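Reading through the structure tokens given below for one structure.
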Amino acid sequence: MNELPQQLANGLALGALYGLIAIGYTMVYGIVQLINFAHGEIFMIGGFGALTIYIWLPSGVSLLVAIPLMIIGGAIASVAVATAAERFAYRPLRGAPRLAPLITAIGLSIALQQIVWGFYPDAKKHKSFPEFSGDAFKITDDLLIQRADAFVLVLAPLCMLALGFFVSKSRSGRAMQATAQDPDTAKLMGVNTDRIIVMAFAIGAAFAAVAAVAYGLDKGQINFEMGFILGLKAFTAAVLGGIGNIYGAMVGGVVLGLAESLSIAYIEEIPGMHQLGGGAWSNVWAFVLLIVVLLVRPQGLLGERVADRA
Amino acid sequence: MTALLEVEDLRVAYGKIEAVKGISFSVEAGQVVTLIGTNGAGKTTTLRTLSGLLKPSAGRIVFDGKPLGSVPAHKIVALGLAHSPEGRHIFPRLTIAENLQLGAFLRSDKAGIERDIQRAYELFPILGERSKQAAGTLSGGEQQMLAMGRALMSQPKLLMLDEPSMGLSPIMMQKIMSTITELKAQGTTILLVEQNAQAALSLADQGHVMEVGHIVLSGTGRDLLVDESVRKAYLGED
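Residue numbers (full-length UniProt numbering), protein chains in the order written: chain A, 1 to 310; chain B, 1 to 238.
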């Protein structure tokens, strides 16, 4: 049996998930040059928002009905928290030294985790999340696509297309590009840059909520800590692709996802460390890849395709 | 007749350092008024305050009958005050056409916007030839044309130009100055900040000489051009 197609598909699905979260890092960075380290928690809160909706729904409701409602509920929760964070934590620090908002972001990240841990019913344990029933899609003998993977593989490109269209064609999108390139001059054109910044946080949060639903459907559970490592990976993806570039975020996510899945499959043993083969090393390879890219191409893979930056 | 722009005892400070120390001047509709002076005299600070990017620490700005002191920058262009900033500040990664459209950001008359874009292309043919090109690829002089064209897209009652000839070749400088003369002939009201005092004063109705935050001398463009102290300090004669 040829393993490669399956590993590529797994890597793509994982990468699409990273890419969806990475959009939030890259959009906010592109406009206010802030690394919003609380974005992993925005993702996590999207998951809890979606779960809350699922719990409210009558039992036995079809996932086809439940999932769109869960995405909406998750997005409402994540967008509300992200825009509140912008308004009350980051906006007062605009113009402060760069370290101040960075530390605020880290503090906010811890606070949001603890708030969910402390106040969401039973959040101290893993919360079970609905899963797709039914078989995986069999493409060939060598390639099975799980339903949860198919979900993210369809949704991520759709989200990217919509975002690309919005940024390049709509009036607000153009104002967003102008704000990213030169905020003071954007104001001179009549652009309310505060509103554009809120919009960037909101779009990133909504994409994170979609990712959180995809993640929950795949794993069958969510927990209050899940934003940490996924946020870190997605941030890596954003830097890998060229932070500030929306397409770079998706490309970085996919490269990272593929690297992880292929390294798990094909790098089985590190000489002298055979007790740690395979999956245990996936995070290591992900960050090794980041270091290599930063050494060879510090601006990221798409860091120079500047026409698309937003 | 009251003036279009009325500035009274304006003061602007960066922290504890006062850059503009109480200046008063006015601009009548249809006039070209110029502020000249050396670097650090407070000319750019004055324009940035008029367009709301900086907040005055004291004084009054009345534009078209409305006080501007606390109006946020993004609402000022809607009142009819457009600002082509020092250093041009075009949006480098947007195309020339997109830059011009952003100049009309608050307008909703599509046909009118299209007509004004064509007018900008007539005024500056090079922009029309390269309309789909990223603005960052233009030369300095072309970027200046784009910045002026973009500012005109808001159909301003008052056009503020900050150092339009800065860093340009003599030929390009002449081209920009003759465009300003053309705009003046069309009746555009202009507040011009310029280091090229000779060129600015020759086309201005009214001029003000700024030194370290004060207006030290005012007069018609022609009077200032022949003024002994102006000739010595700004026109390189002794």
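Here a beta-carbon is modelled for each residue, glycine too, at the ideal position from N, C-alpha and C.
Treat the numbers as computed from the prediction; the structure is a model and nothing was measured.
Those residues of the region 89-104 of chain B placed with their C-beta closer than 9 Å to a C-beta in chain A are 89, 90, 91, 92, 93, 94, 95, 98, 99, 101, 102, 103 and 104, ordered along the chain. Only 52, 53, 72, 73, 74, 75 and 76 from the region 52-76 of chain B bring a Cβ to less than 9 Å from some Cβ of chain A.
Counting only residues of its own chain and dropping the five nearest sequence neighbours on each side, residue 123/A has a CB closer than 7 Å to the CB of 116, 117 and 224. Excluding sequence positions up to five before and after residue 132/B, its CB lies within less than 8 Å of the CB of 95, 96 and 97, all in the same chain and listed in chain order.
Taking 7 Å as the cut-off, the Cβ atoms of residue 180/A and residue 35/A do not count as close.
Restricted to the region 199-262 of chain A, not a single beta strand (DSSP E) segment is unbroken, complete and at least 3 residues in length. Using a Cβ-Cβ cut-off of 7 Å, residue 192/A counts as an interface residue toward chain B, since at least one Cβ of chain B sits closer than that to its own. Across the structure, residue 250/A and residue 265/A are spaced so that their CA atoms are roughly 23 Å apart. Exclusion of the five residues before and after residue 60/B leaves 6, 7, 8, 9, 10, 67 and 69 as the residues of its chain whose Cβ lies within less than 8 Å of its Cβ.
Residue 63/B carries a strand assignment under DSSP once its states are collapsed to helix, strand and coil. Using beta-carbon distances, residue 106/B counts as an interface residue toward chain A, with a partner under 7 Å. Contact between the region 100-109 of chain B and the region 83-90 of chain B is absent: fewer than 3 CB-CB pairs across the two stretches fall below 8 Å.
In chain order, 12 and 48 place their CB closer than 6 Å to the CB of residue 54/B, counting only its own chain and leaving out the 5 sequence neighbours on each side. Following the DSSP letters along the chain, one finds residue 116/B inside the alpha helix (DSSP H) bounded by residues 110-123. At a beta-carbon threshold of 8 Å, the residues of chain A lying near residue 78/B are 190, ordered along the chain. Residue 206/B carries a strand assignment under DSSP once its states are collapsed to helix, strand and coil. Note that the region 192-208 of chain A does not touch the region 131-148 of chain B; fewer than 3 beta-carbon pairs, one per stretch, sit closer than 8 Å. The C-beta of residue 196/B has 16 or more other C-beta atoms within 10 Å across all chains shown, which makes the residue buried. Contact check for residue 161/B against residue 84/B passes: the beta carbons are separated by less than 7 Å. Scanning its chain for C-beta atoms nearer than 8 Å, with the 5 sequence neighbours on each side dropped, one finds around residue 58/B the residues 9, 10, 11 and 22, in chain order. If you check the CB distance, residue 211/A and residue 196/A do not come in under 7 Å. Looking at 214/A, 189/A, 239/A and 25/A, the one whose alpha-carbon comes closest to that of residue 129/A is 214/A.
For residue 25/B, no alpha helix (DSSP H) encloses it; the enclosing beta strand (DSSP E) starts and ends at 17-27. Secondary structure at residue 193/B: strand, using DSSP grouped into helix, strand and coil. Residue 148/B and residue 174/B have their C-alpha atoms spaced approximately 15 Å apart. A direct Cα-Cα distance of roughly 23 Å separates residue 164/B from residue 191/A. The DSSP assignment places 73-76 and 96-103 as complete runs of the alpha helix (DSSP H) inside the region 61-110 of chain B, in order along the chain (cut-off: 4 residues).
Fewer than three pairs of CB atoms, one per stretch, sit closer than 8 Å, so the region 83-92 of chain A makes no contact with the region 58-65 of chain A. Annotation: residue 208/B to residue 141/B spans about 26 Å, alpha carbon to alpha carbon. Contact of residue 214/B with chain A is not assigned, every C-beta pair being separated by 7 Å or more. In this model, residue 149/A and residue 70/A are separated by some 17 Å (Cα to Cα). Residue 179/A: member of the alpha helix (DSSP H) spanning 171-181, first to last residue. Judged by DSSP in its simplified three-state form, residue 268/A adopts coil rather than helix or strand.
The region 218-234 of chain A and the region 117-130 of chain B do not touch, with fewer than 3 CB-CB distances between them shorter than 8 Å. At a C-beta separation below 7 Å, residue 83/B has these neighbours in chain A: 188.
Counted as a single uninterrupted DSSP element, the alpha helix (DSSP H) harbouring residue 13/A occupies residues 4-32.
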